[in-house]
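Written below as C-alpha cells is the structure these notes are about.
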Amino acid sequence: MSANEEDVQKAIDANYPAGVVLPSKVYDDELDNELCVAFDFDGVIADDEAESVYKKYHDLDAFQAHEAERQAIPHQPGPLADLFKKLSFMQKLEDKRRKEDPEYRKIVRIAIITARSAPAHERVVTTLKSWGVSPDESFFLGGMDKSRILSILKPHMFFDDQRSHLQSPAGDIPMVHIPFGIANKNLIS
4 MSANEEDVQK
14 AIDANYPAGV
24 VLPSKVYDDE
34 LDNELCVAFD
44 FDGVIADDEA
54 ESVYKKYHDL
64 DAFQAHEAER
74 QAIPHQPGPL
84 ADLFKKLSFM
94 QKLEDKRRKE
104 DPEYRKIVRI
114 AIITARSAPA
124 HERVVTTLKS
134 WGVSPDESFF
144 LGGMDKSRIL
154 SILKPHMFFD
164 DQRSHLQSPA
174 GDIPMVHIPF
184 GIANKNLIS
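Numbering (the numbering used here), first residue to last: 4 to 192.
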C-alpha cells in the first residue's frame, strides 16, 4: 500500500497486490482491541470477470444471468485474495484459541461489503467455500450506497476497486483504492 498512485499501478501491472491509500482523518479508539478489515468482492478479493460482464452490457439482468449460470463455479482470486485468506487463517487460529479459552476475545474481524444481491451472492458463497474461508460479516447491498454500512461497521481499512465507492460521507475510515481490472480501465489509459 502506498499513497503514490504510480508506484501502485506499477505493482498491479506486475501482478503484485497493491492499493492506493486515500487521505482520511483517522480517530483511534484506544478501547478498541479489534482489527476490522472490510473488502469489496469483485476486483478486490475475486477477479473482475463478473464486473466485466456488467460493464460490457451495462445491464444488471445480464450480470445476474451470468452469475446465476456460474453460481457453482468459483471466481478466480483477485489482487487481495491472499491477504483475505491470511486474515481468515488468523481467524481460524482465534477460533481454536477461543475453544480452549472461553475468555479469549477475538481481535481479527473481516467483512465483505459488495453491491451484489441475490441471486448473484451465491457465487460469492461458492467462491469463499472453495477457498475454505469465511468472513465474520457479509453485506450484499444490491447497489445501495456502502457508506451506511461503513459508518456503522467502522473498519480500520476498507478496500474497493472503484473510487466512487471510496468517496463516502464515512470520511473517518481509512480507504484503499485497488486500481485493478475493468472498473479502472479508463483511469489507467
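Backbone N, C-alpha and C fix where the C-beta goes; we use that ideal spot for every residue, glycine too. Quick caveat, the model's predicted, so the values are computed rather than measured.
query	result
When you compare only the Cα positions, how much space is there between Pro82 and Gln165?	14 angstroms
Exposed or buried, which one is Tyr19 when buried takes at least 16 other CB atoms within 10 Å?	exposed
Taking its Cβ as the centre, do 16 or more other Cβ atoms sit within 10 Å of Gly46, making it buried, or is it exposed?	buried
For a quick check, are the C-beta atoms of Val40 and Pro158 less than 8 angstroms apart?	yes
Which of the three DSSP states, helix, strand or coil, is assigned to Val127?	helix
Would Asp51 be called buried (16 or more neighbouring beta carbons within 10 Å of its own) or exposed?	buried
In its own chain, which residues sit with a C-beta less than 6 angstroms from the C-beta of Lys58, not counting the 5 before and 5 after it?	Ile185
Where Asp32 and Leu131 are concerned, what is the direct C-alpha to C-alpha distance, given to the nearest angstrom?	31 angstroms
My parser needs the alpha helix (DSSP H) runs of 4 or more residues fully inside the stretch 46 to 71; what are they?	52 to 60
Spatial neighbours of Gly145 within its chain, please: CB distance less than 6 angstroms, with the 5 preceding and 5 following residues excluded, ordered by chain position.	Ser120
Could you check how far apart the C-beta atoms of Ala6 and Val23 are, in whole angstroms? I think they sit under 8 angstroms.	7 angstroms
Rounding to the nearest angstrom, what Cα-Cα distance links Lys95 and Arg151 in this structure?	29 angstroms
Checking 8 angstroms against the spacing of the C-beta atoms, do Phe44 and Ile115 come in under that value?	yes
How far does the beta strand (DSSP E) with Phe142 in it reach, from first residue to last?	Glu140 to Phe143
Taking just the CA atoms, how far does Ser154 sit from Ile76?	33 angstroms
So the beta strand (DSSP E) Asp163 belongs to, where does it begin and stop?	Met160 to Asp163
Between Val127 and His78, what straight-line distance do the alpha-carbon atoms span, to the nearest angstrom?	8 angstroms
Leaving out five residues on either side along the sequence, give the residues of the same chain with a beta carbon under 6 angstroms from the beta carbon of Arg112.	Glu37, Cys39 and Asp139
Suppose the cutoff is 7 angstroms on Cβ atoms and the five residues either side in sequence are ignored; what does the same chain contact list for Glu106 look like?	none
Which of the three DSSP states, helix, strand or coil, is assigned to Ser5?	strand
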